[in-house]
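Working notes for the structure below.
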């Protein structure tokens, strides 16, 4: 009887020891690219723009004309076109409602194009601000996107990068141009 009791206790101890060491310390996120901490949120996501939105990147030429430098619909694979969002949200990032309002104001403001026309420094041009939020186009000089696309991109950053009521990051249109929420 004493042997059976000791054997049972030994088995229970072994099971609890295996359970403790086999249990992960923290649950893994669904997408391993995400990183959340008390300091902020970082992550990268792929999103697909809605049909009908002009997602091309254009270049203004010296003669006053423009050309398409990135045609987002020219996919040789037939796969849906997707773009990357890089989240970089901290407590210093704007409040998400300020980003939404800046996007709304940009859409109703009547401006068709949002070009990058800053030749030096950050190589960013801010097109709308609201509260603590700013929507900017950064990258190649005189490259531009439809302002509705910048507004839509800003709202996607809110959807994917929202943390503690803040949202910040960039929407990567192509290697030449990015939309930034800061």
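Residue numbers (mature numbering (1 follows the signal peptide of the UniProt record, and there is no 0)): -22 to -1, 1 to 160.
Positions of the beta carbon are idealized from the N, C-alpha and C atoms, including for glycine.
With DSSP as the reference, label residue i as helix, strand or coil.
i: residue 160; result: coil
i: residue 59; result: coil
i: residue 132; result: helix
i: residue 31; result: coil
i: residue 4; result: Since pLDDT at residue 4 reaches only 33, below the 50 mark, its modelled position is unreliable, and the value read off the structure follows with that caveat. Residue state, collapsed to three classes: coil.
i: residue 151; result: coil
i: residue 141; result: strand
Taking the CB atoms as reference points, tell me whether residue i and residue j lie closer together than 8 angstroms.
i: residue 131; j: residue 116; result: no
i: residue 78; j: residue 25; result: no
i: residue 62; j: residue 127; result: no
i: residue 65; j: residue 89; result: no
i: residue 102; j: residue 122; result: no
i: residue 113; j: residue 155; result: no
i: residue 159; j: residue 129; result: no
Nearest to residue i by CA position, among the options, is which residue?
i: residue 43; options: 139, 120, 76, 95; result: 120
i: residue 96; options: 60, 118, 81, 152; result: 118
i: residue 28; options: 152, 18, 134, 46; result: 134
i: residue 151; options: 23, 18, 41; result: 23
i: residue 21; options: 111, 140, 86; result: 140
i: residue 74; options: 138, 157, 153; result: 138
i: residue 49; options: 41, 60, 40; result: 60
i: residue 94; options: 17, 30, 19, 157; result: 157
Check for me: the beta strand (DSSP E) holding residue i runs from which residue to which?
i: residue 24; result: 18 to 25
i: residue 91; result: 91 to 93
i: residue 105; result: 102 to 108
i: residue 117; result: 111 to 117
i: residue 161; result: Given that the chain is displayed from residue -22 to residue 160, the structure contains no residue 161 and the question cannot be resolved.
i: residue 44; result: 44 to 48
i: residue 41; result: It is not in any beta strand (DSSP E) - residue 41 carries neither H nor E in the DSSP assignment.
i: residue 98; result: Segment: none, residue 98 is in no beta strand (DSSP E) and carries neither H nor E.
Which two residues bound the contiguous alpha helix (DSSP H) that contains residue i?
i: residue 75; result: 74 to 86
Exercise. Report yes or no: do the stretch 68 to 76 and the stretch 142 to 159 share at least 3 C-beta pairs separated by less than 8 angstroms?
Key: Three or more pairs of CB atoms, one per stretch, sit closer than 8 angstroms, so the stretch 68 to 76 contacts the stretch 142 to 159.
Quiz item: Does the stretch 31 to 50 come close enough to the stretch 104 to 111 that 3 or more CB-CB pairs lie under 8 angstroms?
Solution: No, because fewer than three Cβ pairs between the stretch 104 to 111 and the stretch 31 to 50 fall closer than 8 angstroms, the two stretches do not touch.
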